[in-house]
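Line by line, the protein sequences give chains A and B.
The working numbering puts the first residue of the first sequence at 3, with every later residue one more than the last.
The working numbering puts the first residue of the second sequence at 3, with every later residue one more than the last.
The structure appears right after this line, and notes come after that.
There are 2 protein chains.
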Amino acid sequence: MQELQERIAREGRNLGRGILKVDSFINHQVDANLMMNVGRELGRRFVQAQVSKVLTAEISGIAPALTTALCLNVPVIYARKSKPITMPEHVYRDTAPSHTKGHMVELLVSPEVLGPQDRVLIVDDFLATGQTIAALARVIQQSGATLVGIGTVIEKTFEGGRAFLGTQYGVPIESLVVITDMNDGRIVFGA
Amino acid sequence: MQELQERIAREGRNLGRGILKVDSFINHQVDANLMMNVGRELGRRFVQAQVSKVLTAEISGIAPALTTALCLNVPVIYARKSKPITMPEHVYRDTAPSHTKGHMVELLVSPEVLGPQDRVLIVDDFLATGQTIAALARVIQQSGATLVGIGTVIEKTFEGGRAFLGTQYGVPIESLVVITDMNDGRIVFGA
Numbered sequence: 003m004q005e006l007q008e009r010i011a012r013e014g015r016n017l018g019r020g021i022l023k024v025d026s027f028i029n030h031q032v033d034a035n036l037m038m039n040v041g042r043e044l045g046r047r048f049v050q051a052q053v054s055k056v057l058t059a060e061i062s063g064i065a066p067a068l069t070t071a072l073c074l075n076v077p078v079i080y081a082r083k084s085k086p087i088t089m090p091e092h093v094y095r096d097t098a099p100s101h102t103k104g105h106m107v108e109l110l111v112s113p114e115v116l117g118p119q120d121r122v123l124i125v126d127d128f129l130a131t132g133q134t135i136a137a138l139a140r141v142i143q144q145s146g147a148t149l150v151g152i153g154t155v156i157e158k159t160f161e162g163g164r165a166f167l168g169t170q171y172g173v174p175i176e177s178l179v180v181i182t183d184m185n186d187g188r189i190v191f192g193a
Numbered sequence: 003m004q005e006l007q008e009r010i011a012r013e014g015r016n017l018g019r020g021i022l023k024v025d026s027f028i029n030h031q032v033d034a035n036l037m038m039n040v041g042r043e044l045g046r047r048f049v050q051a052q053v054s055k056v057l058t059a060e061i062s063g064i065a066p067a068l069t070t071a072l073c074l075n076v077p078v079i080y081a082r083k084s085k086p087i088t089m090p091e092h093v094y095r096d097t098a099p100s101h102t103k104g105h106m107v108e109l110l111v112s113p114e115v116l117g118p119q120d121r122v123l124i125v126d127d128f129l130a131t132g133q134t135i136a137a138l139a140r141v142i143q144q145s146g147a148t149l150v151g152i153g154t155v156i157e158k159t160f161e162g163g164r165a166f167l168g169t170q171y172g173v174p175i176e177s178l179v180v181i182t183d184m185n186d187g188r189i190v191f192g193a
């Protein structure tokens, strides 16, 4: 996605250790029109997958997941990291190590919104190690629903998430911008 | 907003102590099309306000704030509750008591995305006591930006937020659905 890649090249900052700062247009501040185009493009790539729900993890997955869901005309679920008082006692839950926080985070989904009849597209802002997405996939498995695809905004290939998730789940994985190298302060884009 | 009020009447649940469960269509699971209509309506009500940024608090404010920003053709900022490693050392910050969590939460906004030139519309899912919105308003004051309005999806008038915020800030406050009473398991809608 050319528009997005150009924006990353212009405004993204390589903070070292694989951390890409994009909080002026992707997270913290979100360019709403760009995010709508992200949703259109992810939606287009999965339009044949008969998606019934989009699933993401709070917080920074919400924006791209919502616009993708809009374009696919389905609801979006964001897994909660802590249990709100509105959630029932029994929930689907799994854990993933947080890439930027350095501890384990829980991901919780209510059985009221996800079940065996659902065909689920996971959407997140980053595909890095794939650990958060794998935890979402395990939540989908717990619910009896079917994972039909994984769509992310920015993929960092050097963290190996695609290979890991591909082996584990065998579903199509789409990323709108691919970054192959962030060594020495660079941001190198792939095909 | 009739569509939303009907949906609350049909799917909303009164859990007692003023807690309205709407997590099948507003938070946790989001009806993307309904949320787009929410954004259209909030955008329409503030179209004259020369809004340059929409500001909300993570997590459940993100969806209505994003769709409102889309319709106003401006960026959206979500204040973070914990500081990501991508955020600079000096940030605008304030605290608010969490309605559903029972402790104080911090709200952090980077000076990189908000400044004196901005005219800011605050959007959130609920207007209850107004404490979270007031904390966002104080963050706006710290940045030197101008608060131009407050838009919420669901207002619970019996928690007094409108009176409190109106006195403090004197800006237009718009809510799409007004609930006047939740005593004895009821959900009573206002005009």
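Where is the CB? At the ideal position from N, CA and C, for every residue including glycine.
None of the values given here were measured: they were computed from a predicted structure.
Expected contact under 8 Å - CB spacing of residue i and residue j to nearest Å
i: Phe-166 (chain A); j: Asp-183 (chain A); result: About 19 Å; that fails the 8 Å criterion.
i: Val-76 (chain B); j: Val-53 (chain B); result: 6 Å
i: Val-150 (chain A); j: Leu-178 (chain A); result: At roughly 18 Å, the Cβ-Cβ gap does not stay under 8 Å, so Val-150 (chain A) and Leu-178 (chain A) are not in contact.
i: Val-141 (chain A); j: Ser-112 (chain A); result: Wrong, their Cβ atoms sit about 11 Å apart, outside the cutoff.
Alpha-carbon spacing of residue i relative to residue j, whole angstroms
i: Ala-59 (chain B); j: Phe-128 (chain B); result: 11 Å
i: Gly-20 (chain B); j: Arg-12 (chain A); result: 47 Å
i: Leu-74 (chain B); j: Arg-46 (chain B); result: 8 Å
i: Val-40 (chain A); j: Asn-185 (chain B); result: 43 Å
i: Ile-135 (chain B); j: Leu-110 (chain B); result: 13 Å
i: Asn-16 (chain A); j: Gln-7 (chain B); result: 46 Å
i: Val-122 (chain B); j: Ile-61 (chain B); result: 19 Å
i: Phe-191 (chain A); j: Ile-175 (chain A); result: 17 Å
i: Arg-9 (chain B); j: Ile-28 (chain B); result: 10 Å
i: Met-3 (chain A); j: Ala-137 (chain A); result: 27 Å
i: Arg-42 (chain A); j: Gly-14 (chain A); result: 22 Å
i: Gly-2 (chain A); j: Gly-187 (chain A); result: Examination of residue 2 (chain A) is not possible in this model, given that chain A is present from 3 through 193 alone.
i: Glu-5 (chain A); j: Phe-48 (chain A); result: 20 Å
i: Asp-2 (chain B); j: Ala-81 (chain B); result: Residue 2 (chain B) falls outside the range modelled here, since chain B spans only 3 to 193, and no answer is possible.
i: His-105 (chain A); j: His-105 (chain B); result: 21 Å
i: Pro-90 (chain B); j: Pro-118 (chain B); result: 18 Å
i: Ser-26 (chain A); j: Ile-189 (chain B); result: 40 Å
i: Ser-100 (chain B); j: Ser-100 (chain A); result: 23 Å
i: Ala-65 (chain A); j: Ala-65 (chain B); result: 7 Å
i: Ala-193 (chain A); j: Ala-193 (chain B); result: 55 Å
Cβ-Cβ distance between residue i and residue j below 7 Å
i: Gly-153 (chain B); j: Ala-130 (chain B); result: no
i: Ala-67 (chain A); j: Ala-34 (chain B); result: no
i: Val-173 (chain B); j: Glu-157 (chain B); result: no
i: Gly-63 (chain A); j: Asp-126 (chain A); result: yes
i: Gln-31 (chain A); j: Val-115 (chain B); result: yes
i: Met-37 (chain A); j: Thr-69 (chain A); result: yes
i: Gln-144 (chain B); j: Ala-98 (chain B); result: no
i: Lys-23 (chain A); j: Asp-120 (chain A); result: no
i: Val-107 (chain B); j: Lys-83 (chain B); result: yes
i: Leu-57 (chain B); j: Ile-124 (chain B); result: yes
i: Arg-139 (chain A); j: Tyr-171 (chain A); result: Note on residue identity: the sequence assigns Ala, not Arg, to residue 139 (chain A). A contact, by the Cβ cut-off of 7 Å.
Within chain B, partners of residue i - CB distance below 9 Å
i: Arg-115 (chain A); result: One point to set straight first is that residue 115 (chain A) is Val, not Arg, in the sequence displayed. By Cβ distance, chain B contributes Asp-25, Ser-26, His-30, Gln-31.
i: Leu-17 (chain A); result: Ile-87, Thr-88
i: Ser-112 (chain A); result: Asp-25, Ser-26, His-30, Gln-31
Sheet register partners of residue i (DSSP bridge)
i: Ile-152 (chain B); result: B:Ile-124, B:Ile-175
i: Lys-23 (chain B); result: B:Arg-15
i: Lys-55 (chain A); result: A:Val-122
i: Gln-7 (chain A); result: DSSP, once it has assigned bridges, lists no residue as partnering Gln-7 (chain A).
i: Leu-129 (chain A); result: A:Glu-157
i: Arg-82 (chain A); result: A:Leu-110
i: Asp-183 (chain B); result: B:Val-190
i: Asp-33 (chain B); result: Per DSSP, none; premise fails for Asp-33 (chain B).
i: Ala-98 (chain B); result: B:Val-107
Contact list for residue i against chain A, beta-carbon separation under 9 Å
i: Val-141 (chain B); result: Chain A residues near Val-141 (chain B): none, gap ~13 Å exceeds 9 Å.
Neighbour list for residue i in chain A, Cβ cutoff strictly below 7 Å
i: Tyr-80 (chain B); result: His-30
Partner residues on chain B for residue i, Cβ-Cβ distance less than 8 Å
i: Ile-21 (chain A); result: Ile-87, Thr-88
i: Ala-71 (chain A); result: Val-32, Ala-34
i: Met-3 (chain A); result: Those do not exist, as Met-3 (chain A) stays about 18 Å from chain B at its closest Cβ, beyond 8 Å.
i: Leu-109 (chain A); result: By Cβ distance, chain B contributes nothing, its closest Cβ being about 12 Å from Leu-109 (chain A), past 8 Å.
i: Leu-138 (chain A); result: None at all; the shortest Cβ gap to chain B is about 14 Å.
Contacts of residue i in chain D (Cβ-Cβ under 9 Å)
i: Ile-61 (chain A); result: Among the chains of the structure shown, chain D does not appear; the protein chains present are A and B.
Proximal chain B residues relative to residue i, where beta-carbon distance stays under 7 Å
i: Pro-77 (chain A); result: Gln-31, Val-32, Asp-33, Ala-34
i: Met-38 (chain A); result: Leu-72
Closer than 8 Å at the beta carbon, the chain A residues around residue i
i: Leu-149 (chain B); result: Correct list: empty, because the minimum Cβ distance to chain A is about 17 Å.
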